[in-house]
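**Student:**
Protein chains: 2
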Amino acid sequence: MAMIDVTLGVDIGGTNTKFGLVDREGKGITEMSIPTNAHEPAENLIARLHEKVEEMCRPLTGKYTLKGIGIGAPNANFYRGTVENPPNLNWKGVVDVAALVRKYYDLPVAVTNDANAAALGEMLYGAAKGMKNFVVITLGTGLGSGIVAGGDLVYGADGFAGEIGHTIVDPQGRECGCGGRGHLETYASATGICRTVGELLSRRRTESELRAIAPRDLTSKMIADAAGRGDGIAKEAFEFTGRILGMKLSDSVAHLSPEAIILFGGLASAGALIFDPTKRALEEYLLPIFRNKVKLLPSGLKEGDAAVLGASALIWNEILKQRKQ
Amino acid sequence: MAMIDVTLGVDIGGTNTKFGLVDREGKGITEMSIPTNAHEPAENLIARLHEKVEEMCRPLTGKYTLKGIGIGAPNANFYRGTVENPPNLNWKGVVDVAALVRKYYDLPVAVTNDANAAALGEMLYGAAKGMKNFVVITLGTGLGSGIVAGGDLVYGADGFAGEIGHTIVDPQGRECGCGGRGHLETYASATGICRTVGELLSRRRTESELRAIAPRDLTSKMIADAAGRGDGIAKEAFEFTGRILGMKLSDSVAHLSPEAIILFGGLASAGALIFDPTKRALEEYLLPIFRNKVKLLPSGLKEGDAAVLGASALIWNEILKQRKQ
């Protein structure tokens, strides 16, 4: 029986590190998870990862050939194979994650951040199949983005391109985690919409079930649920969030002229609540030559699997590029 | 004697069409100009162009080999080889300029807009030599832009990427020629700075030599000259223009992480008057990971030659790409 080629996708998160074998069509063969133990040095995590990967692969010997290892991690740099001062991990300075993994495996190893991995996942297995120009926006705690132009991820001069979350909505606006002000992610993200609800509750006199929830306990899911029950403040918060997101995405279209923009992550799962106002504002602010051309799509990857699939796509994409040359 | 390879660069403007032979190092061999006659159909222009090119080349027979023809024109589409509803030419609808030229020449023909041509010119012969990630901003009547990512021009899904002039500074701001409001080019362009002077003259009581000039007669050159003589309103207009340009360019950096941004065209020739406030605002608004990394550079091409050089670079770039494959 012929061996099936697979790549290993690894998603290093602040709490858990998930990993799994994925075939060329994006089918997950097997998946596991270990605690990241964010306080430990990176060496320990990679040693534990190696142990568990070997355990996972043992029963599969003779059936699959591992072609490479793709890793998604916060503040990852594709060019250098490094993770640099990650916000949720207690790794000091610049950690050469690719080199740590290559100690155990004589295979291609590639590293990128989660939004870029998501973009490759969408291109190879998801909503952007066959597209050469598109943008993936991840609406989680912050707003991440992965840009594909001419079939390639845009990494820029230093590997850190794709920070659409830190474009400016209002130079006098909300404080951003990066030290800046009025950045898009302070409005269009799970935490951004919670801040918007806080503002609206102060500005309006309308009754709202969200008045019963302490700001630190409020989640974007609660706002979506309230909006579903007809809560006016919750509905207005989605409308406001979508308008700002759509307006700023028109700037991204002016730069890149993508075929599609794919919304991904917790806030995107609110569906029409966020897609409808975003689409309306996007079309309103687009330059006429771009109107009614840019698709606004939900992710084509299952949310739980997306990070591992995206990381595995990093290696498949390199293999595909080499074949074309 | 060995023949020298050259390409023909053609710059179709609203008034004149300039063209010339350019060698691989960007040296112009010979250059001519004919009136565009904007009211005539495109067929006539291309027929006259062919006649003059033949005349220009006749004394050079046996010395040069023509490898292809690159054309820069407003609203040009690289993918389709067309010019679509150009604002300053009376050509109806979509004109297949590449096909018109191929009637006369059995050679590679490529078409793009002037900002993209400028970007290729900078990459092959100018300030972006050896760079793979940069942005060229042309500050003329409007604001054009050409984006290079990973060594390739970003054309996007439909060939119209690179419209940074139509990103939004203020959704309630100045009326733009495209029908939108508050777009960057209504502030940061030769006409934009004239509008700013108009606003400042109304807002301030300060004396200014610019109060003697009718708005329709005012030019950005007059403002630069007045600023050079210490005129307060003129200096404030440059400061205001640079601040808006720098702030919006920080959004471009967040998307693309370029090694450099190159300012080109009439307003850029004001030198420190426009570069200094732009650079200050850019650094102020950049995400910390991008600070002190992005060069803000003047063009490396002579302004009079740049359009023809850029158009010729379009063909040299295709030849270089084929050699690499």
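Chain order of the listed sequences is A and B.
So for the first sequence, the numbering used here puts the first residue at 1; every next one is plus one.
So for the second sequence, the numbering used here puts the first residue at 1001; every next one is plus one.
Ideal Cβ positions, reconstructed from N, Cα and C, are used throughout, including at glycine.
What you are looking at is a predicted structure, and each value in this text was computed from that prediction instead of being measured.
1) Buried or exposed: where does K248 (chain A) fall if 16 or more other Cβ atoms within 10 Å of its Cβ makes it buried?
2) Closer than 6 Å to a non-hydrogen atom of the ligand SAM - does that hold for the CB of A1268 (chain B)?
3) Using 7 Å as the threshold, is the C-beta distance between V313 (chain A) and L120 (chain A) below it?
4) Can you tell me whether T1061 (chain B) is helix, strand or coil according to DSSP?
5) Which runs of the alpha helix (DSSP H), 4 residues or longer, sit entirely within the segment 75 to 129 of chain A?
6) CA-CA distance, A76 (chain A) and D1023 (chain B)?
7) Measuring CA to CA, which of B:L1320, B:N1133, B:E1239 is closest to I1261 (chain B)?
8) So, using beta-carbon positions, are G72 (chain A) and G310 (chain A) closer together than 7 Å?
9) Which two residues bound the contiguous beta strand (DSSP E) that contains T138 (chain A)?
10) If you reduce the DSSP assignment to three classes, tell me which class N44 (chain A) lands in.
11) Have a look at A127 (chain A) and D1158 (chain B) and give me their C-alpha separation to the nearest angstrom.
12) Which residues in chain B have a C-beta closer than 9 Å to the C-beta of L143 (chain A)? List them in chain order.
13) Report yes or no: is there a C-beta of chain A within less than 7 Å of the C-beta of A1161 (chain B)?
14) Would the segment 153 to 169 of chain A count as touching the segment 1147 to 1166 of chain B if we require 3 or more Cβ pairs under 8 Å?
15) Put H1050 (chain B) into one of helix, strand or coil per three-state DSSP.
16) Quick one, which residues of the segment 213 to 233 of chain A are near chain B if we go by CB-CB under 7 Å, in chain order?
17) I think K1052 (chain B) touches I1034 (chain B), with their Cβ atoms under 8 Å apart; what is that distance to the nearest whole Å?
18) If you count every other CB in all the chains shown that lies within 10 Å of the CB of R1058 (chain B), and 16 or more means buried, which is it?
19) Use the C-beta contact count for P1288 (chain B): other C-beta atoms within 10 angstroms, 16 or more gives buried, fewer gives exposed.
20) Which of the three DSSP states, helix, strand or coil, is assigned to V397 (chain A)?
21) Tell me whether G265 (chain A) is buried or exposed, calling it buried when 16 or more other Cβ atoms sit within 10 Å of its Cβ.
22) Pick from B:I1319, B:T1141, B:A1047: whose alpha carbon is nearest that of S1220 (chain B)?
23) Are the beta-carbon atoms of A268 (chain A) and G246 (chain A) separated by less than 7 Å?
24) N292 (chain A) CB to nearest chain B CB: under 7 Å?
25) Just to confirm, is the Cβ distance from G14 (chain A) to A42 (chain A) under 7 Å?
26) For V1053 (chain B), return the contacting residues in chain A, with the cut-off set at a CB-CB distance below 8 Å.
27) Would you grab the beta carbon distance between G1070 (chain B) and A1110 (chain B) for me? Rounded to a whole angstrom, and I think it's under 8 Å.
28) Return helix, strand or coil for E284 (chain A), following the three-state DSSP convention.
**Tutor:** For this structure:
1) So K248 (chain A) counts as buried.
2) Although the ligand SAM was asked about, the structure shown includes no ligands whatsoever.
3) With the sequence shown as reference, residue 313 (chain A) is identified as Ala, and Val is not the correct amino acid for it. A contact, by the Cβ cut-off of 7 Å.
4) Annotated three-state conformation of T1061 (chain B) is coil, per DSSP.
5) Runs of the alpha helix (DSSP H) inside the segment 75 to 129 of chain A: 97 to 102, 114 to 125.
6) Computed Cα separation, rounded: 42 Å.
7) It is B:N1133 whose Cα lies nearest to the Cα of I1261 (chain B).
8) When the beta-carbon positions are compared, G72 (chain A) and G310 (chain A) come within less than 7 Å of each other.
9) According to the DSSP assignment, T138 (chain A) belongs to the beta strand (DSSP E) that extends over 134 to 139.
10) N44 (chain A): helix per DSSP, three-state reduction.
11) Distance between the alpha carbons of A127 (chain A) and D1158 (chain B): 19 Å.
12) Going along chain B, no residue has its Cβ under 9 Å from L143 (chain A), so there is no contact; the nearest lies around 11 Å.
13) Yes, contact with chain A.
14) Counting Cβ pairs under 8 Å, three or more are found: they touch.
15) In the three-state scheme derived from DSSP, where H, G and I count as helix and E and B as strand, H1050 (chain B) is classed as helix.
16) Those would be none; no residue qualifies.
17) That pair is a contact at about 6 Å.
18) Exposed, because fewer than 16 other Cβ atoms sit within 10 Å of the Cβ of R1058 (chain B).
19) Classification for P1288 (chain B): exposed.
20) Limits of chain A in this structure are 1 at one end and 325 at the other, which puts residue 397 (chain A) out of reach.
21) G265 (chain A) should be labelled buried.
22) The shortest C-alpha separation from S1220 (chain B) is found at B:T1141.
23) With respect to G246 (chain A), A268 (chain A) sits apart: the two C-beta atoms are not nearer than 7 Å.
24) It does not; no Cβ of chain B falls within 7 Å.
25) No. Outside cutoff.
26) Chain A residues near V1053 (chain B): none, gap ~31 Å exceeds 8 Å.
27) That pair is a contact at about 5 Å.
28) Correct three-state label for E284 (chain A): helix.
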